[in-house]
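Residue numbers (the numbering used here): 46 to 1005. Each residue gets a CB set at the ideal place from its N, CA and C atoms; glycine is no exception. First the structure, in the form of structure tokens, and then the observations on it.
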């Protein structure tokens, strides 16, 4: 077997040979291989495989660019590989095949890469295949194609399953959209953020180009093809650039100078930054920075390493000031610097400078100085400049020397007198200045010490006082203390100690937030970012702390996009600092970002973020603590929202048990939060009896801790009222709903999702009472608020559309109801996927509309699909499943299919009776439908004697 060093040499020579026409390769082989027959044999074998198309496999992304490209003709497909059902072949090469496949558990469609056997693969391609798997396994980012599973086929062939991406290559997508400059730069920033994430985890891509970046229909990028990736830790001893046996010319134009020259020891993350610069140049100008068409490989490498980029002419820029227009060119040229030390140090720095350009802030990049450009010119023309310099020295040297001799004598004569006079004046000024500086320093130290003492006292006092320890007591004194402290800051008493002012603003603002005094919190927190940047050179933990505080404030006020931007800016800053700079702050920011993504309905990103927070907390503490319980509860709630209640329940119970243990009692707001979420999970699984006392306990704790007018108390009131409505106790629910709405209207200014939720809850109560005129304006106001806050693709927007649609149906307006319910189903599918209770309920409701319009055949498949989804995601007996069965059974009854209807309606009745009881309205309705079924059946077939069964069900109904 060929040893590692000679294999590395073969790989390097292979890159050179594939750039040369086939008829010219023999001379190069003879020159480089000489008497090494084994090396020459390996190179000839690689070249034959390359000519046969083998390079396409390991370098080909697992994607489907368009519908017409989704299958490729070839040998018969296998039915299964491991746990995967093969759907189609989407890529093929000499080394292996890429299939579109369906994974059995969890159910999802994936791209399956399978490598073929043989000695060549064992020595070469298998290493690249394993490297790509290791690189992808390290990365979990929304903009990087994810790996799911790896293994071997029954024949022993390695394979791995990864995310199947459907989209267009970056440049094709932007050209198809005719995207303006700002959109192109925002998309490019997302790519930079993903690469920064990869670099932070020790993975360099080394083959970045537009063809390896796809953009899906939502405009989100995906970075693919980590076949050439370098994993920092494991590659430390292997500096040779390892490429798969595929042509390099497709990526040479995007290579950095150090990579093109083969200087592998110089390659680091700045090489990827250079490739990003080439991509940025191309997406802004429509061409590459260097023209290497029609030139030899050696000439192309020389151009990349020595020539200046072509003139920068943006093609998609909107009207802008000339200074700003020059800024983007400066950014691009800094990324394309030949010297890695003059480029951006990371993809994050490049992304941040583009952000500054887009937000009209001064960029950090600066054009090369005239001196630097002159030095580069000299370096490229050393011989000519050397001769000119020598000639110049000869011509002027004599004259300069004579001038120096004359000037020296004159200067020495006058200098003696001038220096004596100046020395006397300087000494006098220095004595005066020293005395004044001493006086000023003493005054400043006195003021600073006084300010620090005041700030330290107040900060320490506020650290132990807050709603979590108020335990129901009157918070008037706390508010007076906060107001007095805020006034001292406004009056400038801490100007002499800016660090102390910064920390006291954090403490006061955070306490105001906990008390839901958001305008007061904003007054304290808004100046902290500028104050922190004035005190410290960024990046710094205090600047990140202020970003985090402002993000939380924006989150509280429902400004989700602003909050996400600030959270991510804080994370980027903390990642740029040493790992131990402020790990606890990184944990808080990560968890809070997860909560924001959760609130926005981005469940996949939220789950990834919560799990990252759990891992970060484990690395910090090693044992479960209060933060672990909080993050665990957040993750469990997210799983509930995704409809995964069975997975969520044990996490809720673990979080509650840990919080009770840590609190040492039950009068703790964190215990109340865990109780609330546990009750939701139990309710969603139909266990109302267990859920109600848990809800009441949570409300009692929160009233005791926060008082009666806090929005978190309003949330508990609403949660209890929702459950009371579901079990038919409407009169108990109404005062709770009204009080909750009153609290949130007083707390939040402008559109806010909590106001929308309270409006929707009260409207649902009126709906349940058939008071439709009272319900309609509440539903419409809630929908309008949610659209303003979330846009269209959010579960809460889908729910509001569904509610308004069902109201229209109950008011006798099926034509108005149908488009609302179809829009609700589409929004639920986009936000939640197919197997979710909201999708099933939307189908049930739309089926009901078509039923009311008399279109029973169109209604039947909707009812059936609703039943199937309910059966897949809910326990065996659940009221939601019973409702779907009732709709389907009634539809079959109207279609005259009595036998089918009988079995379904009987199951619906038994489920309602088991979960809601004999006297519930839904149980009685199921009984009424069965009586109607047997009556109609008897009329259609009198000989079957169904009249007696109808009488039995009618009597059962009358007895209730």
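1) Touching or not, the stretch 847-865 and the stretch 890-897, by the rule of three or more beta carbon pairs under 8 Å?
2) Verify whether the separation of the beta carbon atoms of residue 724 and residue 734 is less than 8 Å.
3) Would you mind stating whether residue 234 and residue 396 have Cβ atoms separated by less than 8 Å?
4) Do residue 769 and residue 778 have their C-beta atoms closer together than 8 Å?
5) Relative to the C-alpha of residue 244, which candidate in 315, 228, 217 has its C-alpha closest?
6) Give me the Cα-Cα distance between residue 274 and residue 183, rounded to the nearest whole angstrom.
7) Applying the criterion that 16 or more other CB atoms from any shown protein chain within 10 Å of the CB defines a buried residue, is residue 1004 buried or exposed?
8) Going along the chain, which residues of its own chain have a beta-carbon closer than 8 Å to the beta-carbon of residue 989, five neighbours each way excluded?
9) Which first and last residues belong to the alpha helix (DSSP H) in which residue 870 is found?
10) Smallest Cα separation from residue 672: which of 612, 633, 854, 347?
11) Who are the near neighbours of residue 230 in its chain, counting only those whose CB is closer than 7 Å to its CB and skipping five residues on each side?
12) Is the beta carbon of residue 935 less than 8 Å from the beta carbon of residue 974?
13) Skipping 5 residues on each side, what residues in its chain have a beta carbon closer than 6 Å to that of residue 251?
14) Between residue 106 and residue 267, what straight-line distance do the alpha-carbon atoms span, to the nearest angstrom?
15) Measuring only the C-alpha atoms, how far is residue 707 from residue 895?
16) Measure the beta-carbon distance from residue 716 to residue 698 and round it to whole angstroms, keeping in mind my assumption that it falls under 8 Å.
17) Residue 641 and residue 609: beta carbons closer than 8 Å?
18) Alpha carbon to alpha carbon, how far is residue 546 from residue 556?
19) Taking the C-alpha atoms as reference points, what is the distance between residue 998 and residue 951?
20) Please classify residue 1004: does DSSP put it in a helix, a strand, or coil?
21) Where DSSP assigns a beta bridge to residue 267, which residues make up the other side?
22) Look at the alpha carbon of residue 584 and the alpha carbon of residue 662, and state the distance between them as a whole number of angstroms.
23) Can you tell me whether residue 340 is buried or exposed? The criterion is at least 16 other CB atoms within 10 Å of its CB, across all chains shown.
24) Of the residues 577, 586, 582, 595, which one's Cα is nearest the Cα of residue 566?
25) So does residue 754 have its beta carbon nearer than 7 Å to some heavy atom of the ligand ZN?
26) For residue 570, which residues of its own chain have a beta-carbon under 7 Å away from its beta-carbon, when the five flanking residues on both sides are left out?
27) Which residue comes first and which comes last in the beta strand (DSSP E) that contains residue 204?
28) Residue 118: buried (16+ other C-beta within 10 angstroms of its C-beta) or exposed?
29) For my contact list, residue 915 and residue 869 are in at a C-beta cut-off of 8 Å; report their separation, rounded to the angstrom.
30) Would you mind giving the Cβ-Cβ distance between residue 298 and residue 346, rounded to the nearest angstrom? I have them listed as a contact below 8 Å.
31) Taking just the CA atoms, how far does residue 323 sit from residue 604?
32) For residue 676, tell me which candidate among 643, 691, 482, 687 has the shortest Cα-Cα distance.
33) I'd like the span of the beta strand (DSSP E) that includes residue 157, first residue to last.
34) Residue 385: which of 693, 970, 318 sits nearest, CA to CA?
35) Use the C-beta contact count for residue 196: other C-beta atoms within 10 angstroms, 16 or more gives buried, fewer gives exposed.
36) Just verifying my parser: in three-state terms, what is the DSSP assignment at residue 340?
According to the data block:
1) By the Cβ test, the stretch 847-865 is in contact with the stretch 890-897, since at least three Cβ pairs between them sit closer than 8 Å.
2) Between residue 724 and residue 734, the C-beta gap is not smaller than 8 Å, which leaves the two residues out of contact.
3) Yes, they are a contact pair.
4) The Cβ atoms of residue 769 and residue 778 lie closer than 8 Å to each other.
5) Comparing alpha-carbon positions, the option among 315, 228, 217 lying closest to residue 244 turns out to be 315.
6) Rounded to the nearest angstrom, the two C-alpha atoms are 12 Å apart.
7) Per the 10 Å Cβ criterion, exposed.
8) For residue 989, where only same-chain residues beyond five positions count, the Cβ hits under 8 Å are 982, 983.
9) In the DSSP annotation of this structure, the continuous segment of the alpha helix (DSSP H) that includes residue 870 starts and ends at 859-877.
10) Residue 633 holds the alpha-carbon nearest to the alpha-carbon of residue 672 among 612, 633, 854, 347.
11) 399, 403, listed in sequence order.
12) Yes, the Cβ-Cβ distance between residue 935 and residue 974 is below 8 Å.
13) If we look at residue 251 and ignore the five residues flanking it on each side, its Cβ neighbours are 273, 275.
14) Because the pLDDT at residue 106 is just 39, under 50, the model does not fix this residue reliably, and the value given afterwards should be weighed accordingly. Between residue 106 and residue 267, the C-alpha separation is close to 11 Å.
15) Rounded to whole angstroms, residue 707 to residue 895 spans 54 Å at the Cα level.
16) Incorrect: roughly 13 Å between the Cβ atoms, too far for contact.
17) The answer is yes: Cβ separation under 8 Å.
18) Near 15 Å, if we compare the C-alpha coordinates of residue 556 and residue 546.
19) Linking residue 998 to residue 951 through their CA atoms gives a straight-line distance of about 11 Å.
20) In the structure shown, residue 1004 sits in coil (DSSP, three-state: anything other than H, G, I, E or B).
21) Assignment of beta-bridge partners to residue 267 by DSSP yields 259.
22) Computed Cα separation, rounded: 23 Å.
23) Residue environment analysis places residue 340 among the exposed positions, since fewer than 16 neighbouring C-beta atoms fall within 10 angstroms of its C-beta.
24) Of the listed residues, the one whose Cα sits closest to residue 566 is 595.
25) The ligand ZN is absent from the structure shown, which contains no ligands of any kind.
26) Correct list, in chain order: 550, 554, 594, 595, 598.
27) Judged by DSSP secondary structure, residue 204 falls within the beta strand (DSSP E) whose first and last residues are 203-208.
28) Residue confidence for residue 118 is low, a pLDDT of 46 falling below 50, so the modelled location carries little weight; the figure read from the coordinates is stated next. Exposed is the call here.
29) About 17 Å separates the two Cβ atoms, so there is no contact after all.
30) Actually they are not in contact, since the Cβ atoms of residue 298 and residue 346 sit about 11 Å apart, beyond 8 Å.
31) Roughly 35 Å separates the two Cα atoms.
32) Of the listed residues, the one whose Cα sits closest to residue 676 is 643.
33) Its beta strand (DSSP E) spans residues 153-160.
34) Checking every option, the nearest Cα to that of residue 385 belongs to 318.
35) Residue 196 is classed as exposed because its beta carbon has fewer than 16 other beta carbons within 10 Å across all chains shown.
36) The three-state reading of DSSP puts residue 340 in coil, since its state is none of H, G, I, E or B.
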